[in-house]
Amino acid sequence: MSLSTRTMTDEQRKSVALEYLKAFDNGGVTSSGGGILELFAEDAQVYFPKWGLANGKAEIGKLFGDVGGTIRSIRHDYAGFNWIFSGGDTFVAEGTSHGEHRDGGWRAGVPEWGAGRWCDVFEVRDWKIQRVFIYLDPDYAGKDTARYPWLAG
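Start counting the sequence shown at 1; every next residue gets the next number (UniProt numbering).
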């Protein structure tokens, strides 16, 4: 990891995170036509539930390929995002999404216990994502109900 050379504002950090989320909605392509991995530092880390921790762009690319290969479409609901800033490089985005998984569709709140609500912890420095830990239910289509008695009925 290199030393930080440029100070960023919270709004600038937020703009990097928004570019990342919008790239997902656009099949992994950024607004400038580049690939989503261009938004990451070389030694970045990404955590995704049921996949684990990806270290560096090559592993992050594998994670995105594995997870993205199961998702036909996704849309984030930008108007409802909550942004929480800590005064440093780390901040949190909380929101909802909807889309089509290979096993079926999802929409936050339908059903209330289903997929679609998420929270991401970002670390952005020097206009690059250093770390993003993604917290959500990866059972997008809501098929994993037998293991939870309150959902099995």
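Ideal Cβ positions, reconstructed from N, Cα and C, are used throughout, including at glycine.
For residue i, collect the residues of the same chain with a Cβ closer than 7 Å to its Cβ; drop the 5 residues on either side in sequence, then sort them by chain order.
{"i": "Asn55", "result": "Gln45"}
{"i": "Phe40", "result": "Lys57, Ile60, Lys128, Ile129"}
{"i": "Leu37", "result": "Lys57, Ile60, Gly61"}
{"i": "Val16", "result": "Leu39, Val124, Trp127, Ile129"}
{"i": "Thr96", "result": "Asp77, Gly80, Ala108, Gly116, Arg117"}
Just tell me which of the options has its CA closest to the CA of residue i.
{"i": "Thr70", "options": "Trp51, Phe40, Asp103", "result": "Asp103"}
{"i": "Lys14", "options": "Ser86, Pro138, His101, Ala141", "result": "Ser86"}
{"i": "Glu94", "options": "Asp10, Asp120, Lys143", "result": "Asp120"}
{"i": "Phe64", "options": "Thr9, Ile84, Asp25", "result": "Asp25"}
How long is the line joining the alpha carbons of residue i and residue j, rounded to whole angstroms?
{"i": "Val67", "j": "Phe81", "result": "22 Å"}
{"i": "His101", "j": "Val110", "result": "14 Å"}
{"i": "Gly28", "j": "Tyr20", "result": "8 Å"}
{"i": "Tyr78", "j": "Tyr148", "result": "31 Å"}
{"i": "Tyr135", "j": "Leu53", "result": "12 Å"}
{"i": "Trp118", "j": "Ser31", "result": "23 Å"}
{"i": "Thr7", "j": "Val92", "result": "19 Å"}
{"i": "Trp113", "j": "Pro138", "result": "12 Å"}
{"i": "Ile74", "j": "Trp83", "result": "20 Å"}
{"i": "Gly34", "j": "Gln12", "result": "19 Å"}
Can you list, in chain order, the residues of its chain whose CB lies under 6 Å from that of residue i, leaving out five sequence neighbours each side?
{"i": "Glu123", "result": "Asp89, Thr90, Gln130, Arg131"}
{"i": "Leu151", "result": "Thr145"}
{"i": "Tyr140", "result": "His101, Trp106, Ala115"}
{"i": "Gly142", "result": "Gly114"}
{"i": "Asp10", "result": "Phe85"}
{"i": "Phe133", "result": "Tyr47, Val121"}
Tell me residue i's beta-bridge partners as DSSP assigns them.
{"i": "Tyr78", "result": "DSSP lists no partner for Tyr78."}
{"i": "Trp127", "result": "According to DSSP, which records beta bridges pairwise, Trp127 is partnered with nothing at all."}
{"i": "Glu94", "result": "Asn82, Cys119"}
{"i": "residue 155", "result": "Given a span of 1 to 153 for the chain in the structure shown, any question on residue 155 remains unanswerable."}
{"i": "Ser15", "result": "Answer by DSSP bridge pairing: none, since Ser15 is not bridged."}
{"i": "Gly105", "result": "Glu100"}
Excluding five sequence neighbours on each side, which residues of the same chain lie with their C-beta closer than 8 Å to the C-beta of residue i?
{"i": "Arg72", "result": "Gly99, Glu100, His101, Arg102"}
{"i": "Glu42", "result": "Gly56, Lys57"}
Check: Any chance the stretch 35–52 sits against the stretch 104–111, with 3 or more Cβ pairs inside 8 Å?
Finding: No, the stretch 35–52 is not in contact with the stretch 104–111.
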